[in-house]
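In my numbering, the protein residues as written are 244 to 596. Backbone N, C-alpha and C define an ideal beta-carbon position, used for all residues, glycine too. Predicted model, so just to flag it, every value in this text is computed and none were measured. Report on the structure given below.
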Amino acid sequence: MKKILKALLIIITAVVILGVAFILWLTITEFDPDPIMDTEIAVAEDYSERLSADRELNILSWNTGYSGLGKDSDFFMDGGENVKSADRDTVSDTLQGIYDTVYGGEVPYDVVLLQEVDVNSSRTYGINELEKLSVYNTAFAYNYKAPFVPYPLPPIGRVNSGLMTGSVFEVAEAQRHALPCPFSWPVSAANLKRCLLVSYIPIEGSDRQLVIVNLHLEAYDDGEGKIAQTKQLMDFVQSEYEKGNYVIAGGDWNQVFPGGFEVFPNTHEDLWKVGSLTEDILPGGWSFAFDLSVPTCRLLNQPYEPSDTENTQYYVIDGFMLSPNVELVSVKTLDEGFTYSDHNPVSLCVKIH
Numbered sequence: 244m245k246k247i248l249k250a251l252l253i254i255i256t257a258v259v260i261l262g263v264a265f266i267l268w269l270t271i272t273e274f275d276p277d278p279i280m281d282t283e284i285a286v287a288e289d290y291s292e293r294l295s296a297d298r299e300l301n302i303l304s305w306n307t308g309y310s311g312l313g314k315d316s317d318f319f320m321d322g323g324e325n326v327k328s329a330d331r332d333t334v335s336d337t338l339q340g341i342y343d344t345v346y347g348g349e350v351p352y353d354v355v356l357l358q359e360v361d362v363n364s365s366r367t368y369g370i371n372e373l374e375k376l377s378v379y380n381t382a383f384a385y386n387y388k389a390p391f392v393p394y395p396l397p398p399i400g401r402v403n404s405g406l407m408t409g410s411v412f413e414v415a416e417a418q419r420h421a422l423p424c425p426f427s428w429p430v431s432a433a434n435l436k437r438c439l440l441v442s443y444i445p446i447e448g449s450d451r452q453l454v455i456v457n458l459h460l461e462a463y464d465d466g467e468g469k470i471a472q473t474k475q476l477m478d479f480v481q482s483e484y485e486k487g488n489y490v491i492a493g494g495d496w497n498q499v500f501p502g503g504f505e506v507f508p509n510t511h512e513d514l515w516k517v518g519s520l521t522e523d524i525l526p527g528g529w530s531f532a533f534d535l536s537v538p539t540c541r542l543l544n545q546p547y548e549p550s551d552t553e554n555t556q557y558y559v560i561d562g563f564m565l566s567p568n569v570e571l572v573s574v575k576t577l578d579e580g581f582t583y584s585d586h587n588p589v590s591l592c593v594k595i596h
């Protein structure tokens with residue numbers, strides 16, 4: 244009996260030591276970016292035009308779901324079962340479908356805002372999605388970078404993912420602005436580090452700039468993280484507008500736009516508690532731009548089944564915010580049937596004046 248107890252004690256001690264060592268390793272290797280960081284711009288030779296103030300701008304925003312959350316996928320965080328929801332061939336095919344939608348559609352987009360673009364992640368088999376999707380002048384910022392995510396079982400593994408902004412126009416500067424993280428150690432060590440990817444586009448014959456803000460706000464927090472991140476966003480965009488700049492912020496807000504709950508009632512709050520946006524949080528003269536006719540996101544508690552509206556949930560959480568000197572021409576959610584992602588892309592047309 245003493246030998247058995249001694250063996251058990253040795254095993255338990257070894258497990259504890261390994262656990263502590265693993266947490267220490269995650270802490271040492273934790274992605275810890277500065278509050279503001281310059282981001283390299285990959286310049287495309289074919290796109291060196293300067294933006295002129297007398298033209299309409301077509302902009303696309305799309306959470307691509309790292310090419311791993313298409314119509315056949317579910318996800319454990321939304322009440323589904325899977326951690327890795329697609330095999331390598333499916334990820335490759337989905338990535339090609341995303342590419343064709345963004346760059347081969349009827350509308351030639353001037354600016355492209357993509358979220359959840361993987362560079363070298365276990366969940367996407369090490370495929371460099373950024374390389375595939377970088378057609379225009381491109382800036383990229385990590386918002387999820389961890390050598391190993393141990394949760395759940397089987398674990399997510401290595402993740403390198405972030406925001407990508409592409410522009411046919413010359414980009415003078417791009418910056419990563421860190422957002423508040425609602426998670427404490429040790430959970431934060433292998434969790435997302437949300438950010439804004441800010442691109443500054445010069446305007447021909449003007450000292451003003453077009454400021455493009457690519458965003459992907461908190462998803463699985465208690466709500467306070469979304470609120471804090473939204474406040475920082477509002478303060479930042481207003482500061483840029485007060486400089487005389489034109490500002491467009493777009494992406495995945497993880498909050499329902501005004502009127503969204505009336506069109507798509509939230510009947511599965513037990514699976515995912517989404518936040519909500521209201522007009523009164525906007526700075527004076529600012530406006531949201533969104534489309535309630537088609538959902539921009541689906542709950543991943545099950546694969547996509549368009550005829551089943553009772554057992555799943557749809558949301559309008561992707562869209563834009565415009566400064567007072569940016570005129571909305573049109574905004575439309577493209578109904579892609581959630582073929583390539585759990586999000587549909589949103590197309591925006593604006594004028595600056």
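Using 10 angstroms around the beta-carbon of residue i, count the other beta-carbons present and answer buried if the total reaches 16, otherwise exposed.
i: tyrosine 394; result: exposed
i: aspartate 317; result: buried
i: valine 572; result: exposed
i: leucine 294; result: buried
i: leucine 599; result: Because the chain is modelled from 244 through 596, residue 599 falls outside the range shown and cannot be assessed.
i: glutamine 452; result: buried
i: alanine 329; result: buried
i: glutamate 359; result: buried
i: methionine 407; result: buried
i: histidine 596; result: exposed
i: asparagine 380; result: buried
i: leucine 251; result: exposed
i: alanine 257; result: exposed
i: tryptophan 428; result: exposed
i: leucine 357; result: buried
i: threonine 510; result: exposed
i: serine 584; result: buried
i: serine 404; result: buried
i: isoleucine 538; result: In the sequence as presented, isoleucine is not what sits at residue 538; that position holds proline. With 16 or more other Cβ atoms within 10 Å, it is buried.
State the start and end residues of the unbroken alpha helix (DSSP H) segment that holds residue i.
i: leucine 373; result: 372-376
i: threonine 473; result: 467-485
i: valine 362; result: Segment: none, valine 362 is in no alpha helix (DSSP H) and carries neither H nor E.
i: valine 506; result: 503-506
Which partner residues does residue i have in the DSSP bridge list?
i: threonine 408; result: Leu356 and Ala382
i: tryptophan 305; result: Leu357
i: glycine 493; result: Asn457 and Phe563
i: alanine 415; result: In the DSSP output, where bridge partners are listed per residue, alanine 415 has none listed.
i: asparagine 403; result: Lys388
i: glycine 369; result: DSSP output for glycine 369 lists no bridge partner at all.
i: cysteine 610; result: In the structure as shown, the chain begins at 244 and stops at 596. Residue 610 is therefore absent and cannot be evaluated.
i: histidine 586; result: Cys540
i: glycine 518; result: Gln498
i: leucine 294; result: Ile446
i: histidine 420; result: Ile279 and Leu439
i: alanine 285; result: Thr381
If you follow the beta strand (DSSP E) that residue i is in, where does it begin and where does it stop?
i: arginine 331; result: Element bounds for arginine 331: not the beta strand (DSSP E) but the alpha helix (DSSP H), 331-346.
i: cysteine 438; result: 438-445
i: aspartate 281; result: 279-281
Give me the Cβ distance between residue i and residue j, rounded to the nearest whole Å; I'm assuming they're in contact under 8 Å.
i: alanine 462; j: cysteine 438; result: Contact flag wrong, Cβ pair sits at about 14 Å.
i: valine 456; j: tyrosine 443; result: Going by Cβ atoms, the distance from valine 456 to tyrosine 443 rounds to 10 Å, so no, they are not a contact pair.
i: glycine 311; j: valine 345; result: 17 Å between Cβ atoms; not a contact.
i: leucine 460; j: alanine 384; result: Not really, about 14 Å apart at Cβ, beyond 8 Å.
i: tryptophan 515; j: aspartate 321; result: 5 Å
i: isoleucine 302; j: leucine 591; result: 4 Å
i: leucine 373; j: valine 593; result: Actually they are not in contact, since the Cβ atoms of leucine 373 and valine 593 sit about 26 Å apart, beyond 8 Å.
i: phenylalanine 563; j: alanine 492; result: 7 Å
i: proline 390; j: alanine 415; result: Proline 390 to alanine 415, Cβ: 33 Å. No contact.
i: tyrosine 560; j: glutamine 475; result: Note that residue 560 is isoleucine in the sequence shown, not tyrosine. Rounded, the Cβ-Cβ distance is 18 Å, inconsistent with contact.
i: valine 490; j: phenylalanine 533; result: About 17 Å separates the two Cβ atoms, so there is no contact after all.
i: leucine 338; j: lysine 388; result: At roughly 20 Å, the Cβ-Cβ gap does not stay under 8 Å, so leucine 338 and lysine 388 are not in contact.
i: tyrosine 547; j: phenylalanine 581; result: 5 Å
i: threonine 555; j: asparagine 544; result: 6 Å
i: threonine 367; j: isoleucine 341; result: The Cβ separation is near 12 Å, so there is no contact.
i: valine 378; j: asparagine 371; result: About 14 Å; that fails the 8 Å criterion.
Any heavy atom of the ligand MG inside 6 Å of the beta-carbon of residue i?
i: tryptophan 305; result: No copy of the ligand MG appears in this structure; indeed no ligand is present at all.
*Hey, which unbroken runs of the beta strand (DSSP E) at 3 residues or more fall wholly within the segment 524-578?*
530-532, 561-565 and 569-576
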